[in-house]
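Peer 1: The listed protein sequences correspond, in order, to chains S and E. As numbered in numbering that gives the first Met the number 0, the first sequence has no gaps in its residue numbers, which increase by one up to the final residue, 198. As numbered in numbering that gives the first Met the number 0, the second sequence has no gaps in its residue numbers, which increase by one up to the final residue, 182.
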Amino acid sequence: MKLTLYIRRDSPVHALPAGCKLCLLLTAGVLILLTDNPLLLGGGLVTALAGFPLARLPLPEIFHQARPLLIVLAIFFTAHALFTSIGTGTVLTLRFAIMIAGGLLLTLTTRVSDLMAVLERGLSPLAPLGLNPEKASLVFAMTIRFIPVLAETWETVRAAQQARGMDRNPLALLIPMTVLTLRRAEQISDAIEARGVDL
Amino acid sequence: MTTRDLVLIALFAAITAVLGLFPALTLPVTGVPVTAQTLGVMLAGSVLGARRGGLALVVFLVLVALGLPLLAGGRGGAAVFAGVTAGFLFSWPVAAFVIGWLTERLWSRYALLHAVAINVFGGILVVYAGGIAWMVAVAGIPLDKALYGSLPFIPGDALKVIAAATVAVALKRYQQHPLGQTV
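What follows is the structure, encoded as structure tokens:
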């Protein structure tokens, strides 16, 4: 199971630090709200799209990620053209398109671990409010680790219920799945505490 | 928060991700995919309670935003939070929190009927309120169009409500429910 969308390439977009890219995306999010001018917004979209050839990303992967969002965007534009006005539809669609392109570019060119490091640094000022960045990063790391484990558990439960002819009943899968997960929580937290991890 | 709480948050964030592995049915008219994933929202709230349930969904969404392809159909990344339907995503942690809060309040009398009512309120009303408010306020879609566009998802969500409620009540009956354990 591939648990990342990151595509490794040797490009200036990839080389840009993760925090820098995240800041650019957030700045773009504010800037697009400051103007209603379709030409300026169109320019913004062209700038965002220019990042893709610059990043040397493979087209199929871009389309796989962008397709569902583009379909919704097309319906969205049509709905606006029909019910409000083409002008409003164009401005709103361009705004969404810029953010979608920027977000996609960030995701495809940045390692999850790099973004996680940025997040940790971003969370550390919140420590006085009771948010412990170490706890937070442990939870993120555990979740990533648990996903393949739980997918396997699901498959085991499904096979067991199939042997009983019950694999078509969602409850016969969900209840054992939840019980096994809750029991596992006990074992894992005991294991963490037994290793003297003080949280 | 104890270590056990943190582990439970991570496990239910992971369950929500695993539920996204099931193929999504994309409805032709509106394009919003029908997925098993809101079942994760209902389960997290119904099983973990308000704080842990809400946080499990926050963790899940943060990981999606960081670029893990955890949404149904293998989607993820910052781009999905800029879409027309992103309001549904943002409402997930709130919905899990609300479901958990109500479950905790009604715990002593918690039975199938309560569980269904709570999950209809949190898992359907709160989620749709968030999703539709975003469509109207951010995407400028007229309210009635947003409402009609969301209606086709109600039957699927009703099935998920029944599933989540049955699981939570079964856990209580077998004394496996975390809210029933005084640790």
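Even for Gly, the Cβ is constructed at its ideal location relative to N, Cα and C.
Below 7 Å CB to CB, which residues in the same chain sit around Arg74(E) once its five sequence neighbours on both sides are set aside?
Peer 2: Within the same chain, Arg74(E) has close Cβ partners Pro68.
Peer 1: Using only CA atoms, which one of Glu192(S), Asn131(S), Leu172(S) and Arg167(S) lies nearest to Glu151(S)?
Peer 2: Cα-wise, what sits closest to Glu151(S) is Leu172(S).
Peer 1: By the 8 Å beta-carbon criterion, what residues does the stretch 123-149 of chain E contribute toward chain S?
Peer 2: Flagged, chain order: Ala138, Gly139, Ile140, Pro141 and Lys144.
Peer 1: Using only alpha-carbon positions, find the residue among Ala12(E), Lys159(E) and Trp106(E) that is nearest to Gln174(E).
Peer 2: Here the closest residue by C-alpha is Trp106(E).
Peer 1: Tell me the rounded alpha-carbon separation between Val17(E) and Gly130(E).
Peer 2: Those two C-alpha atoms are separated by around 23 Å.
Peer 1: Is the Cβ-Cβ distance between Leu44(S) and Leu105(S) less than 8 Å?
Peer 2: No, these two residues do not count as a Cβ contact at 8 Å.
Peer 1: Check the C-beta distance from Ala114(E) over to Ala167(E) and give it rounded, since I have them as a contact under 8 Å.
Peer 2: Confirmed, about 5 Å.
Peer 1: What is the DSSP secondary structure of Arg94(S), counted as helix, strand or coil?
Peer 2: In this structure, Arg94(S) counts as helix in the three-state DSSP scheme.
Peer 1: With 16 other CB atoms within 10 Å as the buried threshold, where does Asp9(S) fall?
Peer 2: Per the 10 Å Cβ criterion, exposed.
Peer 1: From the DSSP output, in three-state form, read off Leu70(E) for me.
Peer 2: Three-state DSSP puts Leu70(E) in a strand.
Peer 1: Are the Cβ atoms of Trp133(E) and Ala169(E) separated by less than 8 Å?
Peer 2: Contact: no.
Peer 1: Which residue's Cα is closest to the Cα of Ser90(E): Gly179(E), Leu146(E) and Val57(E)?
Peer 2: Answer by Cα proximity: Val57(E).
Peer 1: Fully enclosed by the stretch 86-133 of chain S, which alpha helix (DSSP H) runs are 4 residues long or longer?
Peer 2: Complete alpha helix (DSSP H) runs here, min 4: 111-122.
Peer 1: Could you pull the start and end residues of the alpha helix (DSSP H) that Leu112(E) belongs to?
Peer 2: Residues Leu111 to Asn118.
Peer 1: Residues of chain E with CB under 7 Å from Ser188(S), in chain order?
Peer 2: Going along chain E in sequence order, the residues near Ser188(S) (Cβ under 7 Å) are Thr2, Arg3 and Val6.
Peer 1: For Pro151(E), does the three-state DSSP call read helix, strand or coil?
Peer 2: Helix, per DSSP.
Peer 1: Taking only beta-carbon positions, decide if Gly50(S) is within less than 8 Å of chain E.
Peer 2: Closer than 8 Å: no.
Peer 1: Between the C-alpha atoms of Gly99(E) and Phe120(E), what's the straight-line distance to the nearest angstrom?
Peer 2: One C-alpha to the other measures close to 11 Å.
Peer 1: List the residues of chain S that Pro154(E) touches, going by C-beta distances under 9 Å, in chain order.
Peer 2: In chain order: nothing, as chain S lies at least about 15 Å away.
Peer 1: Can you find the residues in the same chain that come closer than 7 Å, C-beta to C-beta, to Gly50(S), ignoring five residues on each side of it along the sequence?
Peer 2: Excluding positions up to five away in sequence, the list reads Val12 and Leu104.
Peer 1: Under three-state DSSP, which class holds Gly138(E)?
Peer 2: Looking at the sequence itself, residue 138(E) is Ala, so the reference to Gly does not match. If DSSP states are grouped into helix, strand and coil, Ala138(E) belongs with coil.
Peer 1: Which whole-angstrom value describes the C-beta separation of Phe82(S) and Pro141(E), a residue pair presumed to lie in contact below a C-beta threshold of 8 Å?
Peer 2: The Cβ separation is near 6 Å, so the contact holds.
Peer 1: Measure the alpha-carbon distance for Gly72(E) versus Ala13(E) and round it to whole angstroms.
Peer 2: Their Cα atoms are separated by approximately 16 Å.
Peer 1: Considering just the uninterrupted stretch of the alpha helix (DSSP H) at Val79(E), what are its terminal residues?
Peer 2: No alpha helix (DSSP H) holds Val79(E); DSSP gives it neither H nor E.
Peer 1: Let me confirm a value: Asn118(E) is counted as buried when at least 16 other C-beta atoms fall within 10 Å, else exposed. Which label applies?
Peer 2: Looking at its Cβ environment, which holds 16 or more other Cβ atoms inside 10 Å, Asn118(E) is buried.
Peer 1: Does any CB atom of chain E fall closer than 8 Å to the CB of Met141(S)?
Peer 2: Interface residue, yes.
Peer 1: Spatial neighbours of Leu114(S) within its chain, please: CB distance less than 6 Å, with the 5 preceding and 5 following residues excluded, ordered by chain position.
Peer 2: Here the set comprises Ala17.
Peer 1: Look at Val186(E) and Met41(E) and say whether their C-beta atoms are less than 8 Å apart.
Peer 2: Residue 186(E) lies beyond the residue range present for chain E, which begins at 0 and ends at 182; the question has no answer from this structure.
Peer 1: Just tell me which of Ile61(S), Gly129(S) and Met98(S) has its CA closest to the CA of Lys20(S).
Peer 2: Checked all of Ile61(S), Gly129(S) and Met98(S); the closest Cα to Lys20(S) is Met98(S).
Peer 1: Return helix, strand or coil for Thr152(S), following the three-state DSSP convention.
Peer 2: Thr152(S) falls in the helix class under three-state DSSP.
Peer 1: May I have the straight-line CA-CA distance separating Pro37(S) from Leu62(E), to the nearest angstrom?
Peer 2: Their backbone Cα atoms lie some 33 Å apart in a straight line.
Peer 1: Should the stretch 134-150 of chain S be regarded as contacting the stretch 64-74 of chain S, the criterion being three or more beta carbon pairs within less than 8 Å?
Peer 2: Touching, no.
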